[in-house]
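Line by line, the protein sequences give chains D and R.
Just so we're aligned, residue 6 is where the first sequence starts under my numbering, counting upward by one.
Just so we're aligned, residue 61 is where the second sequence starts under my numbering, counting upward by one.
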Amino acid sequence: MQDNDLGMETSYSDKQFEFTGKAMEFFSIWIVNVALTILTLGIYSAWAKVRTHQYFYGNTKLDDATFRYLADPKQILKGRIIALVFFMAYYFSSLISPIAAGIIFVIILLLVPALIVMSMSFRLRNSAYRNVKFDFNKNFKRAYLIFSMPVVMIGTYVFIVSQFQPEVAAGSNENPALSILIGVSPLLIMFLMPWWEFLITQFKVLNSKYGDAALAFQATTKDYFKMYALVILMPMLALVLIAIIASIIIPMTGMGEINPLDFSGLTVMAVPIVLVIILFYIWVFAFIQTKRTNLVFNNINLNGHQLNSELKVGYMMYLYFTNTLAMALTLGLMMPWAKIRTAKYKASVTSLTPAGNLGEFASMQQQNQSAIGEEIGEMFDMDLGF
Amino acid sequence: MIKGVYFDGVTSDKKEVFLYVTEAGRIGFDGVNKEPLSFEMIKVSPRIGNSARYIELQDGAQFETDDNDAIDDIVKSLSSEKFNGFIYRLESVKRFVLLTVFIVVFFAWGFIQYGVPYFSREIATILPEDASEYLGQGILEALDESWFEDSQLPEVRKKELTAVFNDLLVKVGEENIVLKFRNSEKTGANAFALPNRIIVFTDDLINLSNSNDEIISIMLHEIGHLDNLHSLRTTIQRFSLAMFVMVITGDVSTSSSIITALPVVLLEAGYSREIEAEADTYALEKMLMLNINPVFFAAIMEKLEASHSSKYIQCRKNEENSLEECLDVAVQDKHESGKGDEVIMSYLSTHPLSKDRMKRFNDAAF
């Protein structure tokens, strides 16, 4: 029974994640949360958040043990109040004075890297597995270094353009090199985005710990460029295909004859166009989410224990589409169902290839952590997960 | 005996153990070398559905199990307090859940239907006048750049209408509103009330009218927007709605923001219809007060609507057709085809159905 290292090579089989939540059960929890949140004018929302997290963590199983969410609702409430004050200050100052709003916006912008670090720290320190907590190394310096990169790049660009604005506006083409520079640099900056995302993810993973063990990240910049290249190339390929098919079919049906102003003709064309656009939107969303999750998880390693994620784009598209449809038709009442089935699917394709006994990790002493970072981050809709 | 797993809190090592209760009411763990503990020395986590349950020991160790009912039995037998408390009872009894569904639906409806419009009106009146001023800053300049061109109307006509407008302002007790004329092929016949108290008429709209009373009726509608602080209220409403959606979906990840976007768009369209109706009410009241026949508003509305129909645009393509001829064709066409998707449109549209608006003014005609 006991996994003792007595010089014996034991081979460990993959351990599958499992999600045991049930839609009806979570619906009850969710609707009670919403009702109490309304009745307490939002105050209960902090408790609701903890309860929801506890339900999802406590139903996520790996190797016969569950995850546990430990945050104190009172701390979250404090964070939410501060975040709300910030948010309202920003929103209403934008009504009254664009300058004041601008100043508040810049302050928030300057705080973003710190908020992300604090938020990661709060979330991980309040997550545990096998009675051992996760942790996040608060490396503020590196966070500011990474997050200031695009700001510096875009800032430099805006500065250069503004210096030459009169010339460009006057339409003087005396300096073609300059026009090329101004036209091409945004593309260059965009081209660097995958690299930036890689740096952020790497930063988040490398500073995360389980007990006293740090996570390792094996992905490379190349993986990120590959992912975004596919996002751009595949729709282009699809468009070419559609164009070819359309150029064959349309003359055959005589649809090309239709006067563009004739409404009946327009609806005939509009339905497939709208459908293609919706499909495209869902595809991009599902593709990036799926590939990104797989990329991150498949490259996380903890003392030789390897995470695996095999999300499929097609199935994620199907999930998003049916979830959206169900929620739209029930005015959101099917949301708990949608969340549960998504969690079930994600767990079912996530596994861990252990390198040995999972009992080797030692606990670390930790101090309490403020929730301010996480809550402000959430108010401004920042992506705080991996 | 309750089957579960035990972690000592020092390492992540897992032990499969059984929890048992001694005759003296102490709790022990079979498989761990530890004296049985009294109930006061342990902490049982609250029950959340059937998710895993944790018992924390004072030395940092933890017992974890799926068997929620068995834990509940132990807690009940050893403790006098109602451990799972109020929240779990709400969640687990069907009657209560149903009740909360009704509470949520009722409050959501009440808040959206009455709460948001009420509070936005109250806040808008409290805010200093500067708020509207700032809100409108730069809008005209932005519109001039992308939508408007200089007006082609004769100077005499502009002077005449400005005089009519200023006279109207005095009569309805308003001041500091500026009337401007612009030509716009992109928006066609239209009028705008900008929050910094500027009203813009497009040339096409002026050309559509047969009498100044028709133009006055539109002027009154636009003044109604300004008088009711509609831009400011819309901004506040949008904020309240965003907050409301955030509270309701607070624990949802952002993965499905498209779903929250859809109802917000619909609700905003609804508020926008209410606001148009309010401006209509203002126009109607003032027309009656000034003894102007409300039928003029209905007349210009009909022409306005016709001028945006595809029939009209098509007809105008031919240079030989005059404005009046094309309007007639478009109005005729409207009367013949009529009906259609009105029911659906009334939910999606940002303006009330023009048929209903015209009826209101026609009914008040004298």
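Beta carbons are placed, not taken as given, at the ideal position from N, Cα and C, and that holds for glycine.
Item to check | Given 8 Å, three or more beta-carbon pairs between the region 235-246 of chain R and the region 209-218 of chain R | outcome: yes
Next on the checklist: Does Ser252 of chain D pass the burial test, meaning 16 or more other C-beta atoms within 10 Å, or should it be called exposed?
Outcome noted: To locate residue 252 of chain D, count along the first sequence from 1; it is residue 247. Answer is exposed; the Cβ neighbour count stays below 16.
Item to check | Three-way DSSP call (helix, strand, coil) for Ala219 of chain D in this model | outcome: Here the question's residue 219 of chain D lines up with position 214 in the first sequence. Here Ala219 of chain D sits in strand by DSSP.
Checklist entry - Terminal residues of the continuous alpha helix (DSSP H) containing Gln207 of chain D? => result Residue numbering aside, residue 207 of chain D sits at position 202 when the first sequence is read from its first letter. Looking at the DSSP string, the run of the alpha helix (DSSP H) that includes Gln207 of chain D is Met198 to Leu211.
Item to check | Where Glu384 of chain R falls: helix, strand or coil (DSSP) | outcome: Here residue 384 of chain R is taken as the residue at index 324 of the second sequence, counted from 1. DSSP places Glu384 of chain R in helix when its eight states are reduced to three.
Next on the checklist: Any contact between the region 230-243 of chain D and the region 285-298 of chain D? By contact I mean 3 or more CB pairs, one from each, below 8 Å.
Outcome noted: yes
Checklist entry - Under the three-state reduction of DSSP, which class applies to Lys214 of chain D: helix, strand or coil? => result If you number the first sequence from 1, residue 214 of chain D lands on position 209. Strand, per DSSP.
Next on the checklist: My assumption, with CB atoms under 8 Å, is that Ser111 of chain R sits in contact with Tyr60 of chain D. Please give the rounded CB distance.
Outcome noted: Locating residue 111 of chain R in the second sequence gives position 51, where the first residue counts as 1. Locating residue 60 of chain D in the first sequence gives position 55, where the first residue counts as 1. Contact flag correct, Cβ pair sits at about 5 Å.
Item to check | Ile147 of chain R versus R:Arg376, R:Val157 and R:Lys75, residue with shortest Cα-Cα distance | outcome: Along the second sequence, one-based indexing puts residue 147 of chain R at 87. The shortest C-alpha separation from Ile147 of chain R is found at R:Val157.
Checklist entry - Can you give the Cα-Cα distance for Ile172 of chain R and Arg73 of chain D, rounded to whole angstroms? => result Mapped onto the second sequence, residue 172 of chain R falls at position 112. Mapped onto the first sequence, residue 73 of chain D falls at position 68. About 37 Å.
Next on the checklist: As an exercise, report each continuous alpha helix (DSSP H) stretch of at least 4 residues that is fully enclosed by the region 165-210 of chain R, in chain order.
Outcome noted: 176-186, 190-196 and 199-206
Next on the checklist: Are the CB atoms of Val122 of chain D and Ile81 of chain D within a distance shorter than 8 Å?
Outcome noted: In the first sequence, counting from the first residue as 1, residue 81 of chain D sits at position 76. In the first sequence, counting from the first residue as 1, residue 122 of chain D sits at position 117. No, they are not a contact pair.
Checklist entry - Of the residues R:Ser277, R:Leu301, R:Glu282 and R:Asp287, which one's Cα is nearest the Cα of Ala425 of chain R? => result One-based indexing of the second sequence puts residue 425 of chain R at position 365. The residue with the shortest Cα to Cα distance from Ala425 of chain R is R:Ser277.
Next on the checklist: Between which residues of its own chain and Asn381 of chain R is the CB-CB distance below 7 Å, once the five residues before and five after are set aside?
Outcome noted: Here residue 381 of chain R refers to the residue found at position 321 of the second sequence. Excluding residues within five positions, the ones whose Cβ falls inside 7 Å are Cys375.
Item to check | CA-to-CA distance, Val260 of chain R to Asn250 of chain R, given in whole angstroms | outcome: The residue labelled residue 250 of chain R in the question sits at position 190 within the second sequence. The residue labelled residue 260 of chain R in the question sits at position 200 within the second sequence. Rounded to whole angstroms, Asn250 of chain R to Val260 of chain R spans 8 Å at the Cα level.
Checklist entry - When you compare only the Cα positions, how much space is there between Ala121 of chain R and Gly361 of chain D? => result As a position in the second sequence, residue 121 of chain R is number 61, starting the count at 1. As a position in the first sequence, residue 361 of chain D is number 356, starting the count at 1. Roughly 23 Å between the two C-alpha positions.
Checklist entry - Roughly how many angstroms separate the alpha carbons of Ile183 of chain R and Asn270 of chain R, rounded to a whole number? => result On the second sequence, residue 183 of chain R is found 123 positions in, with the first residue counted as 1. On the second sequence, residue 270 of chain R is found 210 positions in, with the first residue counted as 1. When rounded, the distance between both Cα atoms is 40 Å.
Checklist entry - Any Cβ of chain R within less than 8 Å of the Cβ of Val318 of chain D? => result Reading the first sequence from its first residue, position 313 is the one you call residue 318 of chain D. False, the Cβ-Cβ gap to chain R never drops below 8 Å.
Next on the checklist: Contact defined as beta carbons within less than 8 Å: I believe Leu357 of chain D pairs with Leu67 of chain D. What is the distance between those atoms, to the nearest angstrom?
Outcome noted: The count along the first sequence starts at 1 and reaches residue 357 of chain D at position 352. The count along the first sequence starts at 1 and reaches residue 67 of chain D at position 62. Contact holds; Cβ gap of about 6 Å.
Checklist entry - So does the region 189-200 of chain D actually touch the region 107-121 of chain D, counting three or more Cβ pairs closer than 8 Å? => result no
Next on the checklist: Can you pull out the residues from the region 363-396 of chain R whose beta carbon lies closer than 8 Å to at least one beta carbon of chain D?
Outcome noted: Ser370, Ile373 and Gln374
Next on the checklist: Between Ile108 of chain R and chain D, is any beta-carbon pair separated by less than 8 Å?
Outcome noted: Working through the second sequence from its first residue, we reach residue 108 of chain R at position 48. Cβ-Cβ to chain D under 8 Å: yes for Ile108 of chain R.
Checklist entry - Cβ of Val312 of chain R less than 8 Å from any chain D Cβ? => result Counting from one through the second sequence, the residue named residue 312 of chain R turns up at place 252. Summary for Val312 of chain R: the model assigns pLDDT 43, below 50, so the residue's position carries little reliability; its value from the coordinates is reported in the next sentence. Judged by the 8 Å Cβ criterion, Val312 of chain R is in contact with chain D.
Item to check | Reduced DSSP category for Tyr323 of chain D - H, G, I as helix; E, B as strand; rest coil | outcome: Taking the first sequence and counting its residues from 1, the one referred to as residue 323 of chain D is at position 318. If DSSP states are grouped into helix, strand and coil, Tyr323 of chain D belongs with the helices.
Checklist entry - Taking a cut of 7 Å between CB atoms, which residues from the region 62-91 of chain D lie near chain R? => result Gly63, Asn64, Asp69, Ala70, Thr71 and Arg73
Checklist entry - For the putative contact between Leu211 of chain D and Leu220 of chain D, defined by C-beta atoms under 8 Å, what is the C-beta separation to the nearest angstrom? => result By 1-based counting over the first sequence, the position of residue 211 of chain D is 206. By 1-based counting over the first sequence, the position of residue 220 of chain D is 215. Confirmed, about 7 Å.
Checklist entry - With DSSP run on the structure shown, which of helix, strand or coil describes Val161 of chain R? => result Numbered from 1 along the second sequence, position 101 holds the residue referred to as residue 161 of chain R. Helix.
Next on the checklist: Considering only the alpha carbon of each residue, which of D:Lys83, D:Pro359, D:Ser353 and D:Gly364 lies closest to Asn24 of chain D?
Outcome noted: Residue 24 of chain D sits at position 19 when you count from the first residue of the first sequence. Looking at the sequence itself, residue 24 of chain D is Phe, so the reference to Asn does not match. Looking at the Cα atoms, D:Ser353 is the closest of the given residues.
Next on the checklist: Using the three-state DSSP reduction, which class does Gly88 of chain R fall into: helix, strand or coil?
Outcome noted: The residue given as residue 88 of chain R occupies position 28 in the second sequence. Strand, per DSSP.
Item to check | chain D within 8 Å of Phe225 of chain R, Cβ atoms only | outcome: Here the question's residue 225 of chain R lines up with position 165 in the second sequence. No, Phe225 of chain R lies away from the interface with chain D (no Cβ there is under 8 Å from its Cβ).
Next on the checklist: Is the beta carbon of Asn131 of chain D closer than 8 Å to that of Leu75 of chain D?
Outcome noted: For the purposes of this step, residue 75 of chain D is identified with residue 70 of the first sequence, where counting begins at 1. For the purposes of this step, residue 131 of chain D is identified with residue 126 of the first sequence, where counting begins at 1. Against a cut-off of 8 Å, the Cβ pair of Asn131 of chain D and Leu75 of chain D comes out as a contact.
Item to check | Presumed contact (8 Å Cβ cut-off) between Ala224 of chain D and Asn304 of chain D, rounded CB distance | outcome: On the first sequence, residue 224 of chain D is found 219 positions in, with the first residue counted as 1. On the first sequence, residue 304 of chain D is found 299 positions in, with the first residue counted as 1. Confirmed, about 4 Å.
Item to check | Entirely enclosed alpha helix (DSSP H) segments - the region 32-120 of chain D, minimum 4 residues | outcome: 50-63 and 78-101
Checklist entry - Does Tyr114 of chain R get closer than 8 Å to chain D when you measure Cβ to Cβ? => result If you number the second sequence from 1, residue 114 of chain R lands on position 54. Closer than 8 Å to some Cβ of chain D, the Cβ of Tyr114 of chain R qualifies, so yes.
Checklist entry - From Ser206 of chain R to Met125 of chain D, what does the alpha carbon distance come to, in whole angstroms? => result Position 146 of the second sequence holds residue 206 of chain R. Position 120 of the first sequence holds residue 125 of chain D. Going from the Cα of Ser206 of chain R to the Cα of Met125 of chain D covers about 44 Å.
Item to check | Secondary structure of Glu362 of chain R, DSSP reduced to three states | outcome: In the second sequence, counting from the first residue as 1, residue 362 of chain R sits at position 302. Looking at Glu362 of chain R - three-state DSSP - the assignment turns out to be helix.
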